[in-house]
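The structure under discussion appears below in the form of structure tokens.
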Amino acid sequence: MAIESITNLRRRKEDQTWTQSSKPFYEFINNLSDSLLFEILYRLPWLSVLRCKSVSKRWNSLISNRYFVKSFIHHRRQQFGMHYLEPSFTLLLQYTYDHKNILPIPSDNSDFFISRGSNGGIDFLNFLPSIVERVKQQYSFRIESSFNDLLLVYCFPNYHICNPLTKTWFTLPLLPYPMGKGTIVMMGFICEPYSCEDKDDKDPCVTTRYKVVRICSPIQRNQIEMEIFSSETGEWCSSVVSSPRWLSYFNYKTIDVGVVACNTMLHWVDVDKSDKMIKGFVGFDPFNDAQQCCYIDPPTGLLRDEFISLGVFQGRLRIYQRPWLPIKACNFYVWELEDYINAGTWCLKHKVYFKDMVSDYPGLVKIAKGFHPPVDLLAFHPNDGDLVFLQFRNYVVLCNMRTGVLKFAGQLQDMGKILLGNSNNFVTVQAKSAFVLRQPLFPTQLFPKPIPKPIPPPLLSRPYRRFSYEV
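Heads up: the sequence shown is residues 1 to 471, going by full-length UniProt numbering.
Now the structure itself:
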């Protein structure tokens, strides 16, 4: 008979003690009613709640319930009051010369920490299996678009919709090849909450449907061919959309601006083929079955022969323009589209002069007041209409367009190494791909197809009930 060592005896005794002491607690938790467990879980921080989904199928089902998410959001609003009106976010910069470089810049009030690691952004999306495999083979990937806390990521040959906060993803079916050899295409991504609530219910709907749209360069002047993926069907479908005006083929200006989602519509710029002048903006609502796009005229005062950038501030479309010619490059303009429903009216919100900018960082002021300052738009601040993220050479700057105050927000990096702000007039690294990753009160849940309306969980007795879950 083998003699058991003292170490093994001690370890076996500890295991037995832990099992005996933990078993009653496990049984206690397991025997809790759904209503009581419901009350406990929605009071936890959102990150802890997400971890609790892996405890059991029962817990996962309860937390995935739409009524649980509504209760969680309602509790946070009561707990933090008006502070929830300023949700946290993370600015993501992806460099055009090497898509493996992603610089995350969290907002001051963000409780979501993103570790970049030493792989220059690969670690940020390492939960996507296809990206890990492609990177091992020295292939690049790119973030195509963002909407709230979701990203549309392309890694040949697949598109993925993912939530970096929860590290969940959904791979779209393979796309059919575009019509015609060498056809230029652009991708758009947009989400919309379901209209699944009663009229008297003011709580937000927490189930989201989304569309991914591949827009082909117009072959016929008044029609656009598209491929649209719908989360409601889980499939791609072909569509031909008509235009009220003649459209031009996509060119470098169109591709540079890209597709911007705002007010359930996708927007892109229409540029004349011959003189490269900006003619207007095209809007398309993929949730509407009308199969027709709208056309928005440019604002008065826009320099139509210059480059522009499109952005969004709290559901309103914005234009940023900084003239390129040195004689005009002393300022930049920001227009905002108002009265969106009635064809829209552009309003000049800001005209900012570089010579008036001030900062606690002398280097930023020197760049701003230099000859032909190398400044590009990254993104509009999602919570403050006066703030904008700009790129000053290799610096990321937060600019107050009303006061002219510049604040240092970050610095571009190459595989974890900081890139210095070079002294010449050219930008060493172009961080043109910028995305705002929002952090809502509860992360958006991804479903390939919409889930059926769930049955509300049983309620507690009146003394323990803080508010109603009923719809």
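Think of the CB as a built atom: it goes at the ideal place given N, C-alpha and C, for glycine as much as any other residue.
**Request:** Measure from the alpha carbon of Trp-236 to the alpha carbon of each residue in Gly-363, Ile-215, Gly-315, Asn-109, then state which is nearest.
**Result:** Taking the first residue of the sequence shown as 1, we reach residue 236 at position 236. Distances from the CA of Trp-236 to each of Gly-363, Ile-215, Gly-315, Asn-109 were compared; the closest alpha carbon is that of Ile-215.
**Item:** Ser-61 to Arg-318 span [Cα, whole Å]
**Value:** Translated into positions along the sequence shown, residue 61 becomes position 61. Translated into positions along the sequence shown, residue 318 becomes position 318. Annotation: Ser-61 to Arg-318 spans about 41 Å, alpha carbon to alpha carbon.
**Prompt:** Using the beta-carbon count (16 or more within 10 Å), is Ala-261 buried or exposed?
**Reply:** Position 261 of the sequence shown, counting from 1, holds the residue named residue 261. Its Cβ being crowded by 16 or more others within 10 Å, Ala-261 is buried.
**Cα-Cα separation between Asp-339 and Pro-286, rounded to whole angstroms** = Position 339 of the sequence shown, counting from 1, holds the residue named residue 339. Position 286 of the sequence shown, counting from 1, holds the residue named residue 286. Approximately 21 Å between the Cα atoms of the pair.
**Message:** Can you give me the C-alpha to C-alpha distance between Val-213 and Pro-362, rounded to a whole angstrom?
**Reply:** Here the question's residue 213 lines up with position 213 in the sequence shown. Here the question's residue 362 lines up with position 362 in the sequence shown. Cα-Cα distance, rounded: 44 Å.
**Cβ-based burial, Val-352 [other Cβ within 10 Å; buried from 16]** = If you number the sequence shown from 1, residue 352 lands on position 352. Val-352 sits buried, since 16 or more C-beta atoms from the chains shown fall within 10 Å of its C-beta.
**Prompt:** So is Lys-167 buried or exposed if we call it buried at 16+ other beta carbons inside 10 Å?
**Reply:** To locate residue 167, count along the sequence shown from 1; it is residue 167. With a 10 Å radius around the Cβ and a threshold of 16 neighbouring Cβ atoms, Lys-167 comes out exposed.
**Request:** With Gly-283 as the anchor, note down where its alpha helix (DSSP H) starts and where it stops.
**Result:** Translated into the one-based positions of the sequence shown, residue 283 becomes position 283. Note, Gly-283: premise wrong, no alpha helix (DSSP H); beta strand (DSSP E) at 278-284.
**Request:** Please look up how many angstroms separate the CB atoms of Ile-73 and Leu-41, rounded, as I've assumed it's under 8 Å.
**Result:** Translated into positions along the sequence shown, residue 73 becomes position 73. Translated into positions along the sequence shown, residue 41 becomes position 41. For Ile-73 against Leu-41, the beta-carbon gap comes to about 13 Å, at or over 8 Å, which does not count as contact.
**Asked** Which residues in the same chain have their Cβ closer than 6 Å to the Cβ of Val-259, if we skip the five residues on either side of it in sequence?
**Response** Start at 1 with the first residue of the sequence shown, and residue 259 comes out as number 259. So the list reads Met-186, Gly-188, Leu-266, Trp-268, once near-sequence residues are dropped.
**Of the listed residues Arg-402, Gln-79, Leu-151, nearest to Thr-444 (C-alpha basis)** = On the sequence shown, position 444 is the one that residue 444 refers to. Minimum Cα distance to Thr-444 is reached at Leu-151.
**Message:** Taking its Cβ as the centre, do 16 or more other Cβ atoms sit within 10 Å of Pro-129, making it buried, or is it exposed?
**Reply:** One-based indexing of the sequence shown puts residue 129 at position 129. So Pro-129 ends up on the exposed side.
**Minimum length 4: unbroken alpha helix (DSSP H) runs contained in the region 226-281** = List check, alpha helix (DSSP H) in window: 252-257.
**Request:** Give me whichever residues DSSP pairs with Leu-152 in a beta bridge.
**Result:** The sequence position of residue 152 within the sequence shown is 152, counting from 1. Paired residues: Ser-145, Ile-161.
**Request:** Give the DSSP bridge partners of Tyr-361, in chain order.
**Result:** Within the sequence shown, residue 361 is the residue found at index 361, counting from 1. DSSP output for Tyr-361 lists no bridge partner at all.
**Request:** In angstroms with no decimal places, state the Cα-to-Cα distance between Ile-255 and Ile-308.
**Result:** Against the sequence shown, residue 255 aligns to sequence position 255. Against the sequence shown, residue 308 aligns to sequence position 308. Approximately 11 Å, taken between the alpha carbons.
**Distance, Val-271 Cα to Pro-373 Cα** = As a working mapping, residue 373 is identified with position 373 in the sequence shown. As a working mapping, residue 271 is identified with position 271 in the sequence shown. Cα atoms of Pro-373 and Val-271: separation of roughly 26 Å, rounded to the nearest angstrom.
**Prompt:** Between Leu-50 and Ile-367, what straight-line distance do the alpha-carbon atoms span, to the nearest angstrom?
**Reply:** Taking the first residue of the sequence shown as 1, we reach residue 50 at position 50. Taking the first residue of the sequence shown as 1, we reach residue 367 at position 367. Between the C-alpha atoms of Leu-50 and Ile-367 there is a straight-line separation of about 45 Å.
**Message:** Let me confirm a value: Asp-360 is counted as buried when at least 16 other C-beta atoms fall within 10 Å, else exposed. Which label applies?
**Reply:** Taking the first residue of the sequence shown as position 1, residue 360 is located at position 360. By the neighbour-count rule (16 or more Cβ atoms within 10 Å), Asp-360 is not buried but exposed.
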